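Below you'll find the structure, written out as structure tokens, and then a few comments.
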Amino acid sequence: MSRRIIPVADISAIPVIPANPGPPSPDGTLHDAFARPLRDLRISVTDRCNFRCVYCMPRAVFDKNYRFLPHSALLSFEEIERLARIFVAHGVEKIRLTGGEPLLRKNLEYLIERLARLTTPGGQPLDLTLTTNGALLARKAHSLKNAGLTRVTVSLDALDDPLFRQMNDADFALDEVLTGISTAHSAGLAPLKVNMVVKRGTNDSQILPMANYFRHSGIVLRFIEYMDVGTSNGWNMTEVLPSAEVIAQIAAHYPLVPLEAHSEAETAQRWGYADGAGEIGVISSVTRAFCATCTRARLSTEGKLYLCLFASAGHDLRALVRQGTRDADLAAAIAHIWHNRNDRYSQLRGSAHGPTLPGERRVEMSYIGG
Ligand code: SAM
Ligand code: SF4
Ligand code: SF4
């Protein structure tokens, strides 16, 4: 059967019409149609990547003919900072830089310095973090820390070098990422987290080796269920290994105790090793939807605001910025968009009338960030 692949650059934008945003909360926080506040902003700084992870940017789609965004389409650092400032004034407390591979964006430290200076209306510093494949981390960890980054999450799917190279499909060596992780650790980017996407039949053999490797390290290892994000990875439910099985596998070797969530909106369920060797987490995006507490918005590389990881279109904030819209009108547009948000893809995934219409295209993870 042939599947139609839609290039991400083809995804259309929802024009933004600044409108009456409805009554603001006393503290400026925005709430959506299900009363979920806007607290987290993920900002994608590039759609390019030096890996071709099989579950994210399959080489057959993201090949040499693939049209990545031209530089002029990207939000500049000044544009990102301006939008971030408005989001923070309206309740965003946490910003995560992502991509593509964020460390490929030239002079990223300059953007981090600017974002690190933002404070919430209550005067608190932001929780400023970044997700990376770790390839350039050994080189960059110290400059990122010096620029004001608080912490970092590294993606790592295997501890077996041939399997790691097969999964990143760029022949990238495992040792370089492990060195990146230890450099970030010693640079004080803490708490340091490592995310492993588990694909049944591909890297489930790595669950225990990964658990063993990160026990006693002070690094929090988290297992992510393989998701049906985008349309190019050929996702199939049979390749999803439910988090419950991950936990059962580890608990058979090392007894685990459940830990309290840090906050209501936390995506990971936390577990501690009963022998005190540290903490792990599972992110069960497929088997245990957490839409009810989803406080995340995503700003794409070219300035489109997505309200859900599984959305098919974004709201074009770049157009407003480049038309010379005033801050107050940008804030009103963002408020209007968030007030009308009713996305809850994962919650509806299993229902008879699923959330996506047949043939409907969805944004790619490499474009919007994780
Ligand atoms: N390149 C960076 C990296 O890999 O960390 C940041 C961007 S990447 C899109 C963000 C996260 O999304 C990574 O942790 C990656 O493993 C995860 N991811 C990508 N495709 C996924 C999928 N189909 N299911 C679950 N997680 C996925
Ligand atoms: Fe690149 Fe990250 Fe996607 Fe892998 S998961 S292809 S490293 S963007
Ligand atoms: Fe949030 Fe959408 Fe994921 Fe639900 S499916 S948790 S609304 S990003």
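Going left to right, the sequence shown walks through residues 2 to 371 as the working numbering numbers them.
Even for Gly, the Cβ is constructed at its ideal location relative to N, Cα and C.
Given the structure is predicted, the values throughout are model-derived calculations rather than measurements.
For residue j and residue i, believed in contact at Cβ under 8 Å, the rounded distance
i	j	result
Cys295	Arg37	6 Å
Ala1	Ala142	Shown here, the chain extends from 2 to 371; a query on residue 1 therefore has no answer.
Glu94	Thr120	So it is not a contact: roughly 10 Å between Cβ atoms.
Ala266	Arg97	So it is not a contact: roughly 13 Å between Cβ atoms.
Ser233	Val283	Between Val283 and Ser233 the Cβ distance is about 25 Å, and since that is not below 8 Å, they are no contact.
Ile335	His32	The Cβ separation is near 13 Å, so there is no contact.
Thr130	Thr154	7 Å
Val199	Val247	6 Å
Arg216	Ala278	4 Å
Span separating the alpha-carbon of residue i from that of residue j
i	j	result
Pro71	Leu242	37 Å
His354	Gly189	Its pLDDT being 49, under 50, His354 is placed unreliably by the model, and nothing is read from it.
Leu157	Phe224	10 Å
Cys57	Ala252	29 Å
Thr384	Leu138	Outside the shown range of the chain (2 to 371) lies residue 384, about which nothing can therefore be said.
Met197	Glu114	29 Å
Ile6	Gly370	Bear in mind that a pLDDT of 35 at Ile6, under 50, signals an unreliable position, so the number given afterwards is only what the model happens to contain. The straight-line gap from Cα to Cα measures roughly 19 Å.
Asn237	Ala329	44 Å
Tyr255	Glu226	21 Å
Arg166	Ser144	27 Å
Tyr111	Lys146	12 Å
Contacting residues, own chain, Cβ-Cβ under 6 Å from residue i (five flanking each side not counted)
i	result
Gln250	Ile208
Asp11	Caution is warranted here: a pLDDT of 37 is assigned to Asp11, below 50, making its placement in the model unreliable, and no coordinate value can be reported.
Phe69	Asp48 and Arg49
Leu104	Thr133, Leu137 and Lys141
Phe88	Leu42
Contacting residues, own chain, Cβ-Cβ under 8 Å from residue i (five flanking each side not counted)
i	result
Gly325	none
Arg350	Asp229, Val287, Ala290 and Pro356
Leu84	Leu76, Leu300, Gly304, Leu318, Val322 and Leu331
Leu150	Ile113, Ala117, Leu129, Thr130, Leu131 and Leu190
Own chain partners of residue i with C-beta closer than 7 Å, once the 5 adjacent residues on each side are dropped
i	result
Ala171	Asn51, Phe52 and Arg53
Leu260	Arg271, Trp272, Gly273 and Glu280
Ala74	Glu303
Report the residue ranges of all beta strand (DSSP E) runs contained in full by the stretch 252 to 299; include only those spanning at least 3 residues, in chain order.
257 to 259, 270 to 274 and 280 to 284, all fully within the stretch 252 to 299.
Inside the stretch 171 to 221 only - beta strand (DSSP E) runs reaching at least 3 residues
Whole beta strand (DSSP E) segments, 3+ residues: 194 to 199.
Are there three or more Cβ pairs, one per stretch, closer than 8 Å when the stretch 31 to 50 is compared with the stretch 295 to 304?
In this structure the stretch 31 to 50 lies against the stretch 295 to 304, because at least three pairs of beta carbons, one per stretch, are closer than 8 Å.
Contact the stretch 159 to 167 vs the stretch 121 to 141: 3+ CB pairs below 8 Å:
Contact fails: fewer than three Cβ-Cβ distances are below 8 Å.
At which residue ranges does the stretch 130 to 159 contain complete beta strand (DSSP E) runs of 3 or more residues, listed in the order of the chain?
Within the stretch 130 to 159, the runs of beta strand (DSSP E) at least 3 residues long that lie entirely inside it are, in chain order, 154 to 156.
Within the stretch 19 to 88, note down every full alpha helix (DSSP H) run reaching 4 residues or more, in order along the chain.
Those alpha helix (DSSP H) runs which fall completely within the stretch 19 to 88 and span 4+ residues do not exist here.
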